[in-house]
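Have a look at the structure below, then the notes.
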Amino acid sequence: MTDADFLERTKRFAFHLAELQERLTPESYALLLRVLRGINDALTRQPGGISIEFAPGEKELFTAELAQELTRLVEFLGPGGLRVVIDMDGAEGPCADVAEHDRHEVERIARASGLEP
Numbered sequence: 001m002t003d004a005d006f007l008e009r010t011k012r013f014a015f016h017l018a019e020l021q022e023r024l025t026p027e028s029y030a031l032l033l034r035v036l037r038g039i040n041d042a043l044t045r046q047p048g049g050i051s052i053e054f055a056p057g058e059k060e061l062f063t064a065e066l067a068q069e070l071t072r073l074v075e076f077l078g079p080g081g082l083r084v085v086i087d088m089d090g091a092e093g094p095c096a097d098v099a100e101h102d103r104h105e106v107e108r109i110a111r112a113s114g115l116e117p
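Per full-length UniProt numbering, residue 1 is the first one in the sequence shown, and the count goes up by one each step.
Encoded structure:
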């Protein structure tokens with residue numbers, strides 16, 4: 001990926017995230033950010049997948065629409081995107097299985113978006 005491609009993807013990621021902040025309820029948006037941080041952690045510290053425990057009431061917030069938006073955001077993160085599989089049947093909440101390729105670019109995008117890699 002060229003620097004221009006990286007910059008364009010970063011802009012699209014940040015723009016879409018800002019749109020979601022306007023569209024989603026504050027609780028749903030906060031949950032989305034928490035899941036994105038979990039994906040970032042999986043890429044930087046726990047390759048292979050993550051499991052996010054939900055507080056009471058959060059599982060209901062993680063709707064199919066929110067999962068679709070999460071997948072769309074992750075697609076901005078690399079050439080071909082990263083693969084995200086969300087298992088909503090887990091007892092603790094969704095489990096996102098994230099492929100490890102493009103790790104360096106994901107860290108750069110996270111920093112550019114204000115998230116800690």
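Glycine included, each C-beta is placed from N, C-alpha and C at the ideal position.
On a predicted model such as this, the values are computed, not experimentally measured, just so you know.
For the alpha helix (DSSP H) containing residue i, name the first residue and the last one.
| i | result |
| --- | --- |
| Arg23 | Asp3 to Arg23 |
| Pro56 | Per DSSP, Pro56 belongs to no alpha helix (DSSP H) and is neither H nor E. |
| Leu31 | Pro26 to Thr44 |
| Leu73 | Ala64 to Glu75 |
Near residue i, what residues of its chain come up, given a Cβ to Cβ distance below 7 Å and the 5 sequence neighbours on each side ignored?
| i | result |
| --- | --- |
| Leu115 | Leu36, Arg37 and Asn40 |
| Ser28 | Leu61 and Leu66 |
| Pro26 | none |
Rounded to a whole number of angstroms, what is the C-alpha to C-alpha distance between residue i and residue j?
| i | j | result |
| --- | --- | --- |
| Thr44 | Ala110 | 11 Å |
| Phe54 | Glu19 | 24 Å |
| Glu69 | Glu22 | 13 Å |
| Thr63 | Phe6 | 29 Å |
Among the residues of its own chain, which have a CB less than 8 Å from the CB of residue i, if the five just before and after it don't count?
| i | result |
| --- | --- |
| Ser113 | Thr10, Phe13, Ala14 and Leu17 |
Give the single residue among the options whose Cα lies nearest to the Cα of residue i.
| i | options | result |
| --- | --- | --- |
| Ile52 | Thr71, Leu31 and Thr63 | Leu31 |
| Val74 | Leu33, Pro56 and Gly57 | Leu33 |
Let me see if you follow: with CB-CB separation under 9 Å, is residue i close to chain B or not?
| i | result |
| --- | --- |
| Arg23 | Structure shown: chain B not included; a single protein chain is present. |
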